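From first to last, the protein sequence lines stand for chains F and P.
Going by the working numbering, the letters in the first sequence line up with residues 48 to 345, in that order.
Going by the working numbering, the letters in the second sequence line up with residues 66 to 340, in that order.
Even glycine gets a Cβ: it sits at the ideal position worked out from N, Cα and C.
In this text, all values refer to a predicted model and were calculated from it rather than measured experimentally.
Heads up, the thing below is written out as structure tokens.
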Amino acid sequence: MANNSLRAHVKVNWNMFILLKLELEKLFRAKSFYLSLTVLAAFVALMLWGFYTYAARKTGGKAVEQFKYTYESKQYFNGLTFALYSVLFSFTLLLPIFVSMSAGSQIASEARSGTLRMICTRPISRASLILSKFLVSAFHAGLLLTFFIVLNLVVGLIFVGWGNLELYPGPLNLVDAPGKIMRDEALMRFAYAALSGTWALLVIVSLALLCSVVFDSPAQAVVMTIAVYLALYIVGRVEFFDQLRPYFFTTDMDFWRDVFKPDIPWQSLWHYACVCGAYTIGLLLTTLFIFERKDIVT
Amino acid sequence: MWLKVVLLVLFCLMIVGAVHFAEPREPEQRSSSAEDIHSLRLLTWNIGYAELEDDTRAHDKDLPAVAELILRQEPDAVALQELTGNAQLKVLLGLLNGKYRGAVAQQGNGDRFEAVLVKDIEAKFIPIAAGGRYALGASFQPGSDKHEILLLSAHADAFNAAQRRIYTEALIDWAQSRAQSSEVFIAGDFNFELKAANQTNLYTDNVKHDSESYSHILRYFRDLGRTAGDTAINDRRIDYIFGPAKLKQTGRVEVLRDAAVGRMDHWPLLVEVEL
Chain F
48 MANNSLRAHV
58 KVNWNMFILL
68 KLELEKLFRA
78 KSFYLSLTVL
88 AAFVALMLWG
98 FYTYAARKTG
108 GKAVEQFKYT
118 YESKQYFNGL
128 TFALYSVLFS
138 FTLLLPIFVS
148 MSAGSQIASE
158 ARSGTLRMIC
168 TRPISRASLI
178 LSKFLVSAFH
188 AGLLLTFFIV
198 LNLVVGLIFV
208 GWGNLELYPG
218 PLNLVDAPGK
228 IMRDEALMRF
238 AYAALSGTWA
248 LLVIVSLALL
258 CSVVFDSPAQ
268 AVVMTIAVYL
278 ALYIVGRVEF
288 FDQLRPYFFT
298 TDMDFWRDVF
308 KPDIPWQSLW
318 HYACVCGAYT
328 IGLLLTTLFI
338 FERKDIVT
Chain P
66 MWLKVVLLVL
76 FCLMIVGAVH
86 FAEPREPEQR
96 SSSAEDIHSL
106 RLLTWNIGYA
116 ELEDDTRAHD
126 KDLPAVAELI
136 LRQEPDAVAL
146 QELTGNAQLK
156 VLLGLLNGKY
166 RGAVAQQGNG
176 DRFEAVLVKD
186 IEAKFIPIAA
196 GGRYALGASF
206 QPGSDKHEIL
216 LLSAHADAFN
226 AAQRRIYTEA
236 LIDWAQSRAQ
246 SSEVFIAGDF
256 NFELKAANQT
266 NLYTDNVKHD
276 SESYSHILRY
286 FRDLGRTAGD
296 TAINDRRIDY
306 IFGPAKLKQT
316 GRVEVLRDAA
326 VGRMDHWPLL
336 VEVEL
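Now the structure itself:
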């Protein structure tokens, strides 16, 4: 009896492993995966151009004539500052789009191409299928963010140069008094950001997966995910809806940036990480319940 | 089934974690109040009206309320902004029963004036030209204290962040030149918009200019009202009292939110420090 149970358990794990392997192969074969990496690389190039021209304008020429003092010395414009601006700007809009594209097409594209029915006839549970799709999408989100951070740091090092990470109140809304993070510590903070950012993006992954189960068209699933994300993000920025802002998951997702504060507010960071975790798992459970009861007719 | 159970447990753990790590909710209007020390008590207040009014400068009918607050709080010196001129100052000094001396700044391009009121009858008033505008300084000695205090009443441009930056740079230069001989305090409405969360853009030149201005001041001075919260309507902290970085101790720091009358859009900021 115990042997049978063990054998069944091993079989489930082995099936899960095979599923993950297959999903990963699909991910690496997909053109959209390489497209997302290319667009992110292009965004880094755009940021580099913008950062260079901005730094030149703000540390010389008219700026020097108009203002006597500036913190924006050449030392301020270093590779770490460049990477910070680039990562913060892109995280809000660019990364959620690619993450939605990847996760939103997971089930819906199988349904559209007619392979979902075939997969579901195999001796694997629907829950395992959803979990493997989720894990691969989560891996994709983490990979994209890590790739983007590393690329920014490398480009920043080569083209802008190293220095400490200086932070000022106002832009980026990270600190309320000038602060500084030393270079090595700042690099560690970027590593933290890869983790906290991926965790925040998992909310989008779960939402996209839910849409992917609800809608049979991948385009519909992706658009719906992005629409919900953007709607909440934009509404959250409009002062009319100030009272609603704390209830949007987009507000909670912002916690990932806290790792760039000179003193990381750990308690708040764990709080929002748990809130995002609850959103992620809650949406994943909803997806499971819907998918297990779904009549696959395509 | 096991997967759903695991996810359900994880979901519950996340909820418990979120509750466990939740920080106690901060009061709607923050105000910090430490122990009462009274070496020097300073107050700054823009007594003008909100932008939508016909005349956004201080209104004569509000002066009794302004005087009443000053008499109640008994600051050693007061920095006021947006007075209509000398006549209004005289009315206010009359309402203060001769307990304060005061002066208004020189008129610049605008129609409103900064003023300083000081308890010390020996106080000297100093006009300051800064970045195309005028501020006003008052040099005095509070009580029997031997310290020479210099309080500047400042009001930076409300609509142009670059102008605010130019004004701030000039003001700080002037203050720095006096910092050797006096304890310099700068009080007033700087209109810095440093809450990027209130901006629709991710990054703007205006935020950058205000950030530069504020950071420049903090190179030499301490933001004494930092813990007191917003000083104007629409969740804005735009009124400041900056003091010497080496100050021994800060006492009461408070935004007096019940003080505004009429259509005033600012509240007074009160700071006590030990020299």
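Within chain F, the residues that residue i reaches when beta carbons sit closer than 8 Å
i: residue 87 of chain P; result: 318
i: residue 131 of chain P; result: Residues of chain F passing the Cβ test: none, with the nearest at roughly 30 Å.
i: residue 318 of chain P; result: The contacting residues do not exist; residue 318 of chain P stays about 15 Å from chain F at best.
i: residue 382 of chain P; result: The first residue shown for chain P is 66 and the last is 340, placing residue 382 of chain P beyond what the model contains.
i: residue 283 of chain P; result: 224 and 225
Integer-rounded CB distance, given that residue j should sit under 8 Å from residue i
i: residue 157 of chain P; j: residue 132 of chain P; result: 6 Å
i: residue 332 of chain P; j: residue 321 of chain P; result: 6 Å
i: residue 155 of chain P; j: residue 184 of chain P; result: The Cβ separation is near 17 Å, so there is no contact.
i: residue 290 of chain P; j: residue 303 of chain P; result: Actually they do not touch by this definition, with Cβ atoms about 11 Å apart.
i: residue 216 of chain P; j: residue 142 of chain P; result: 5 Å
i: residue 273 of chain F; j: residue 237 of chain F; result: Not really, about 26 Å apart at Cβ, beyond 8 Å.
i: residue 198 of chain F; j: residue 88 of chain F; result: 6 Å
i: residue 13 of chain F; j: residue 136 of chain F; result: Here chain F covers residues 48 to 345 and nothing more, so residue 13 of chain F does not appear.
i: residue 302 of chain F; j: residue 319 of chain F; result: 3 Å
i: residue 123 of chain P; j: residue 135 of chain P; result: Not quite, the Cβ-Cβ distance comes to about 13 Å (not below 8 Å), so this is no contact.
i: residue 150 of chain F; j: residue 252 of chain F; result: 4 Å
i: residue 287 of chain P; j: residue 308 of chain P; result: 5 Å
i: residue 233 of chain F; j: residue 211 of chain F; result: 7 Å
Per-residue contacts from residue i into chain P (C-beta, under 8 Å)
i: residue 178 of chain F; result: 68
Residues that residue i contacts on chain F, provided the C-beta gap is smaller than 9 Å
i: residue 79 of chain P; result: 320, 321, 322, 323, 324, 325, 326, 327, 328 and 329
i: residue 279 of chain P; result: 215, 216, 217, 224 and 225
i: residue 276 of chain P; result: 118, 215, 216, 217, 218 and 225
i: residue 73 of chain P; result: 328 and 332
i: residue 259 of chain P; result: 216, 217, 220 and 223
Where residue i meets chain P, residues with beta-carbon distance less than 7 Å
i: residue 115 of chain F; result: 234
Beta-bridge partners of residue i, as assigned by DSSP
i: residue 179 of chain F; result: In the DSSP output, where bridge partners are listed per residue, residue 179 of chain F has none listed.
i: residue 168 of chain P; result: P/181
i: residue 68 of chain F; result: DSSP lists no partner for residue 68 of chain F.
i: residue 288 of chain P; result: P/307
i: residue 201 of chain P; result: P/192 and P/218
i: residue 329 of chain P; result: P/114
i: residue 103 of chain F; result: In the DSSP output, where bridge partners are listed per residue, residue 103 of chain F has none listed.
i: residue 301 of chain P; result: P/297
Amino acids of chain F, ordered along the chain, whose beta-carbon sits closer than 7 Å to that of residue i
i: residue 83 of chain P; result: 318, 321, 322 and 325
i: residue 268 of chain P; result: 218
i: residue 76 of chain P; result: 325, 328, 329 and 332
i: residue 105 of chain P; result: The premise fails here: residue 105 of chain P is roughly 23 Å from chain F at the closest Cβ pair, so nothing lies under 7 Å.
Of all the residues that make up the segment 312 to 339 of chain F, which are near chain P by a beta-carbon distance shorter than 7 Å?
314, 315, 317, 318, 321, 322, 324, 325, 328, 329, 331, 332 and 335
Can you list the beta strand (DSSP E) stretches of 3 or more residues lying completely in the segment 77 to 164 of chain P, in chain order?
You should have 105 to 111 and 142 to 148.
What are the start and end residues of each continuous alpha helix (DSSP H) run of 4 or more residues lying completely inside the segment 210 to 274 of chain F, in chain order?
230 to 261
For the segment 151 to 174 of chain F, list every residue whose C-beta sits within 9 Å of some C-beta in chain P, in sequence order.
172 and 174
Segments assigned alpha helix (DSSP H), at least 4 residues, entirely inside the segment 216 to 257 of chain P
226 to 243
Of the residues that make up the segment 148 to 177 of chain P, which ones have a beta carbon closer than 8 Å to any beta carbon in chain F?
none
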